[in-house]
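Protein chains in written order, with our numbering: chain A, 1 to 288; chain B, 1001 to 1371. Have a look at the structure below before the remarks.
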Amino acid sequence: MHKLEDNRAWLLVVPVFALVAFNAVIPLMTVVNYSLQDIFGPGQRVFIGVEWFREVLRDLTIQASFLRQVAFSALVLAIQIPLGIAIALLLPRVGWKSSLAIILIAIPLLVPFNVVGTIWQVYARPDIGFLGRGVNAIGIDYNYTASAVSAWITLLLMDTWHWTPLVILLAFAGLCSIPEPYYQAARIDGASRWAVFRHIELPKLRGVLTIAILLRFMDSFMIYTEPFVVTGGGPGSSTTFLSVRLVNMAVGQFDLGPAAAFSLIYFLVILLFSYVFYTILKMNEGEP
Amino acid sequence: MDADRRGHPILFRGGAGVIRLENLGRSVDGAMHLEGIDLTLSPGINVLLGRTHAGKTSLLRVLAGLDRPTAGTVTQEGQDLTALPLSKRNVAFVYQQFVNYPAFSVRDNIAAPLRRKGLARDEIARRVADVARRARIEPLLDRLPAQLSGGQQQRLAIARALAKDAPLMLFDEPLVNLDYKLREGLREELRGLFHDGQTVVYATTEPEEALQMGGTTIVMHEGRVLQTGPAHSVYRNPASVTVAEIFSEPPMNVVAARAQDGRLTLGDLTLPLPDHAPAGLMGCRVGLQPHRISRSPGPIRLEGETLLAEVDGSSTFAHFRAGGQPWIARLDGVHSLPIGAPFTGFADPADLYFFAEDGTLLAPARGALHG
């Protein structure tokens, strides 16, 4: 069967292609260019294939940063997701108290990243910070510029303070969307509070929790500003996460080739992890 | 059969027996939801018929034990249940929304209330199979609720309620969220799903549903019970204009009328006074069921123009103006009636209801007395 085609329809999508090319493909191709060539100066460059990629993958400090990053994201998820759900469950669902609680909880989300870093950098200082001095005053040795454990605790506390509200808001919205009859049915069936959570609330929260986990994973895996402001990657390299290492390499050492290869690998790792999370979370969900 | 391994007192053993509500009332923050309800619920089907906010759901919630009445008592075979906590009642509740455990398969959903009761494994399996067959969801046992259609999800909810085999089964407009065809089919099946000892209380806004379910119809309006009786008898002999309006879809045509010198005047229409009109009639209100207006010739001629026609399922509601009055006719089948087109409806004087000016029934339609 012959079908008459009108190719002018393509004109309508040209602006989108142009926009995507301009803000995504062209910058990305620049990175790809750098990652495949050794550039000495204007007009002086050598194509070296995947050499930079090999170098980055073999780099022991990058491998250490990667493991550190995985540990950090795992801790962030392990703390913030359950905590967010727990707080959302405790919030009143209706009335002015509910609105007030939501507003108060959302405040940290409105603070710019570098300001969050600065707040905690001062707050946790053992000499002048309220938290730092307080903790030391009760006899606990705490100094994020000297001890790796202190530095990690500071960053995790800060990130939890900053981002748990997002999980709370998502979980709260999910809980509010569960129709009242589900709770009634559970009461009539004589279900315990735990059973209501396990068999009604948690499955109903699945969708929003998938989003919460993905967002928290991606953000925490790319964390840069806060450790840069608070610890600068130290003490030693104990808080040198992937982004911190990458910026050091690209801006500090001006190793654009390896940094470009690093960026691409970093991007693919996040994509891969997010895909795996998404697949696992969507598995057996039952949505057609 | 409804033994509880935790040793809760067993209520409603076998059947619910006679449940009596006396002067029952419930108000929330000063708003009356139920008022002065005196009602006897016997085993069998009891349909609560009323519009939205008539108090049907409030009454079901009190029966389930989800809410306590603020006045009056609930007794079952003489035993006071008013303050009995939810956990000690044995009721099943099916909602408008399709409420199932989202992460359980169909099989586990049905089994959930049985497992709570601590029944033996093979007994649970036997009951699940039996109920799934009755609710016609046998091939779906391994699916999750989200993988079912709306009708199947509600079948599952009904199956879960049936599996519980509770003596008191409460239904709150269970078919309202289903499409027309599914509703018709499921409604017909529902009646056959209960056993003799069970007391079923079924809330609906649809007169047709009340008629189809049969049993006792309890007409509710603004938190009160207006009339109780066998479905057909309430339908044919509505105690008041309000009952007649609630028990008719679309609502009954009610027109102010005068009787004088053997003639009946309805607006601009005059006709001989029908035989069944009560003696000594003067000012009154006359009712005519929409489905009693037809397009095939009859003694009363209502001639005018179409105001609006809407198709509802397999019938057409024709709104028209005749004799200075708006009327609604319910015609079988789908008809195309352009707005403003001439419309002539016919009716039989024997089908007229006579109500006093305050709305109480004076005489039902003659056709209503027999047949």
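Virtual Cβ for every residue (Gly too), placed ideally from N, Cα, C. These figures come from a predicted structure and were not determined experimentally.
_Other residues of its chain near D127/A: CB distance less than 8 Å, five sequence neighbours each side excluded_ = Here residue 127/A refers to the residue found at position 127 of the first sequence. R133, listed in sequence order.
*Could you list the residues in the stretch 1152 to 1176 of chain B with a C-beta less than 7 Å from some C-beta on chain A, going in chain order?*
Within the stretch 1152 to 1176 of chain B, no residue qualifies.
*Run the CB neighbour count on H1195/B, radius 10 Å, all protein chains shown included, and call it buried at 16 or more, exposed below.*
For the purposes of this step, residue 1195/B is identified with residue 195 of the second sequence, where counting begins at 1. Under this definition H1195/B is an exposed residue.
*Quick one: what's got a C-beta closer than 6 Å to T1199/B's C-beta in the same chain, skipping five residues either side?*
Reading the second sequence from its first residue, position 199 is the one you call residue 1199/B. Within its own chain, the residues whose Cβ lies closer than 6 Å to the Cβ of T1199/B, once the five positions on either side in sequence are excluded, are A1016, L1041, P1043 and L1168, listed in chain order.
*If the cut is a Cβ gap below 8 Å, which residues of chain A does R1026/B touch?*
The residue given as residue 1026/B occupies position 26 in the second sequence. Chain A residues near R1026/B: none, gap ~16 Å exceeds 8 Å.
*Do the stretch 1067 to 1082 of chain B and the stretch 1148 to 1163 of chain B meet, that is, are 3 or more Cβ pairs less than 8 Å apart?*
With contact defined as three or more Cβ pairs closer than 8 Å, the stretch 1067 to 1082 of chain B and the stretch 1148 to 1163 of chain B are not in contact.
*To the nearest angstrom, report how far apart T154/A and V247/A are at their CA atoms.*
For this step, residue 154/A is matched to residue 154 along the first sequence. For this step, residue 247/A is matched to residue 247 along the first sequence. Distance between T154/A and V247/A, taken at the CA atoms: about 22 Å.
*Would you say Y1101/B faces chain A, with C-beta separation under 8 Å as the test?*
Taking the second sequence and counting its residues from 1, the one referred to as residue 1101/B is at position 101. Among the CB atoms of chain A, one or more fall inside 8 Å of the CB of Y1101/B.
*Hey, how far is the Cα of I102/A from the Cα of S1314/B?*
For the purposes of this step, residue 102/A is taken as the residue at position 102 of the first sequence. For the purposes of this step, residue 1314/B is taken as the residue at position 314 of the second sequence. The straight-line gap from Cα to Cα measures roughly 49 Å.
*Which word fits M1282/B, buried or exposed, when buried means at least 16 other C-beta atoms lie within 10 angstroms of its C-beta?*
The sequence position of residue 1282/B within the second sequence is 282, counting from 1. The residue in question, M1282/B, is exposed, as its Cβ has fewer than 16 Cβ neighbours within 10 Å.
*asked:* Between V1311/B, A1356/B, A1365/B and L1361/B, which has its C-alpha nearest P1274/B's C-alpha?
replied: Residue numbering aside, residue 1274/B sits at position 274 when the second sequence is read from its first letter. Ranking the options by Cα distance to P1274/B, first place goes to A1365/B.
*Which ranges does the alpha helix (DSSP H) cover as unbroken runs of at least 4 residues, wholly within the stretch 1107 to 1184 of chain B, from first to last along the chain?*
For the stretch 1107 to 1184 of chain B, the full-length alpha helix (DSSP H) segments reaching 4 residues or more read 1121 to 1134 and 1150 to 1164 along the chain.
*Is there at least one Cβ from chain B nearer than 8 Å to R93/A's Cβ?*
Here residue 93/A refers to the residue found at position 93 when the first sequence is read from its first residue. The beta-carbon of R93/A is placed no less than 8 Å from the nearest beta-carbon of chain B.
*Identify which residue in A250/A, G252/A and Y224/A has its Cα closest to the Cα of T240/A.*
As a working mapping, residue 240/A is identified with position 240 in the first sequence. T240/A has its Cα closest to that of Y224/A, out of A250/A, G252/A and Y224/A.
_Please report the straight-line C-alpha distance between E1022/B and A1111/B, rounded to a whole angstrom._
The count along the second sequence starts at 1 and reaches residue 1022/B at position 22. The count along the second sequence starts at 1 and reaches residue 1111/B at position 111. Going by the C-alpha atoms only, they are around 36 Å apart.
_Under 8 Å between C-beta atoms of N1109/B and A1166/B_ = Your numbering for residue 1109/B matches position 109 in the second sequence. Your numbering for residue 1166/B matches position 166 in the second sequence. The beta carbons of N1109/B and A1166/B sit no closer together than 8 Å.
*Spatially closest choice to E1245/B from G1036/B, M1032/B, Q1212/B and G1050/B, by CA coordinates*: Here residue 1245/B refers to the residue found at position 245 of the second sequence. When C-alpha distances from E1245/B are compared across G1036/B, M1032/B, Q1212/B and G1050/B, the shortest belongs to G1050/B.
*Between R1134/B and L1162/B, is the Cβ-Cβ spacing less than 8 Å?*
Looking up residue 1134/B in the second sequence gives position 134. Looking up residue 1162/B in the second sequence gives position 162. Going by C-beta atoms, R1134/B is nearer than 8 Å to L1162/B.
_Under 7 Å, CB to CB, which of the residues in the stretch 1085 to 1098 of chain B have a partner in chain A?_
Answer set for the stretch 1085 to 1098 of chain B: L1086, S1087, V1091, F1093, Y1095 and Q1097.
_Of the listed residues L1048/B, L1170/B and D1080/B, nearest to A1210/B (C-alpha basis)_ = If you number the second sequence from 1, residue 1210/B lands on position 210. The candidate whose alpha carbon is nearest that of A1210/B is L1048/B.
_Between the alpha carbons of S65/A and L242/A, how many angstroms are there, rounded?_
Along the first sequence, one-based indexing puts residue 65/A at 65. Along the first sequence, one-based indexing puts residue 242/A at 242. Answer to the nearest angstrom: the Cα atoms are 5 Å apart.
*Pick from Y1180/B, L1024/B, G1118/B and K1164/B: whose alpha carbon is nearest that of D1080/B?*
Translated into the one-based positions of the second sequence, residue 1080/B becomes position 80. Comparing alpha-carbon positions, the option among Y1180/B, L1024/B, G1118/B and K1164/B lying closest to D1080/B turns out to be L1024/B.
*asked:* Rounded to whole angstroms, what is the Cα-Cα separation between L1352/B and T1306/B?
replied: Taking the second sequence and counting its residues from 1, one reaches residue 1352/B at position 352. Taking the second sequence and counting its residues from 1, one reaches residue 1306/B at position 306. Straight-line Cα distance between these residues: approximately 22 Å.
*Counting pairs of beta carbons, one from the stretch 160 to 176 of chain A and one from the stretch 77 to 97 of chain A, are three or more of them closer than 8 Å?*
Under the 8 Å Cβ criterion, the stretch 160 to 176 of chain A counts as touching the stretch 77 to 97 of chain A, having at least three qualifying pairs.
*Around the Cβ of F1354/B, are there at least 16 other Cβ atoms within 10 angstroms (buried) or fewer (exposed)?*
Within the second sequence, the letter at position 354 stands for residue 1354/B. F1354/B counts as buried, since at least 16 other C-beta atoms from the protein chains shown sit within 10 angstroms of its C-beta.
_Per DSSP, cross-strand counterpart(s) of Y330/A_ = The structure shown does not extend to residue 330/A, since chain A is modelled only from 1 to 288, so the question has no answer here.
_Beta-carbon neighbours of F1104/B, restricted to chain A and to distances below 8 Å_ = Indexing the second sequence from 1 puts residue 1104/B at position 104. Going along chain A in sequence order, the residues near F1104/B (Cβ under 8 Å) are H199.
*At what residues does the beta strand (DSSP E) containing L1041/B begin and finish?*
The sequence position of residue 1041/B within the second sequence is 41, counting from 1. Counting along the chain, the unbroken beta strand (DSSP E) around L1041/B starts and ends at A1031 to L1041.
*Check the Cβ-Cβ distances between K282/A and every residue of chain B, and say whether any is below 8 Å.*
What you label residue 282/A is simply residue 282 of the first sequence in a count that begins at 1. Under the Cβ distance rule, K282/A does not count among the residues neighbouring chain B, no pair being separated by less than 8 Å.
_Bridge-paired residues (DSSP) for W194/A_ = Position 194 of the first sequence, counting from 1, holds the residue named residue 194/A. For W194/A, which the question treats as bridged, DSSP gives no partner whatsoever.
*Please name the residues in the stretch 95 to 120 of chain A whose beta-carbon is closer than 8 Å to at least one beta-carbon of chain B, in chain order.*
Cβ contacts with chain B come from no residue of the stretch 95 to 120 of chain A.
*asked:* Using 8 Å for Cβ pairs, my map puts F1346/B next to R1301/B. What's the rounded Cβ distance?
replied: Taking the second sequence and counting its residues from 1, one reaches residue 1346/B at position 346. Taking the second sequence and counting its residues from 1, one reaches residue 1301/B at position 301. With 8 Å as the limit, F1346/B and R1301/B qualify as a contact, their Cβ atoms being about 6 Å apart.
_For a cutoff of 8 Å on Cβ pairs, would you count A1111/B as touching chain A?_
Taking the second sequence and counting its residues from 1, one reaches residue 1111/B at position 111. Not one chain A Cβ lies under 8 Å of A1111/B.
_At the level of alpha carbons, what is the spacing between L1060/B and V1201/B?_
Here residue 1060/B refers to the residue found at position 60 when the second sequence is read from its first residue. Here residue 1201/B refers to the residue found at position 201 when the second sequence is read from its first residue. One alpha carbon belongs to L1060/B, the other to V1201/B, and they sit about 8 Å apart.
*Can you name the residues of chain B whose CB is closer than 7 Å to the CB of I188/A?*
Residue mapping note: residue 188/A aligns to position 188 of the first sequence, counting from 1. From the beta-carbon of I188/A, the residues of chain B found nearer than 7 Å are A1064, L1086, V1091 and F1093.
*Hey, could you find the ends of the beta strand (DSSP E) T231/A is sitting in?*
Sequence index remark: in the first sequence, residue 231/A carries index 231 (1-based). Unbroken run through T231/A: none, as it is neither H nor E.
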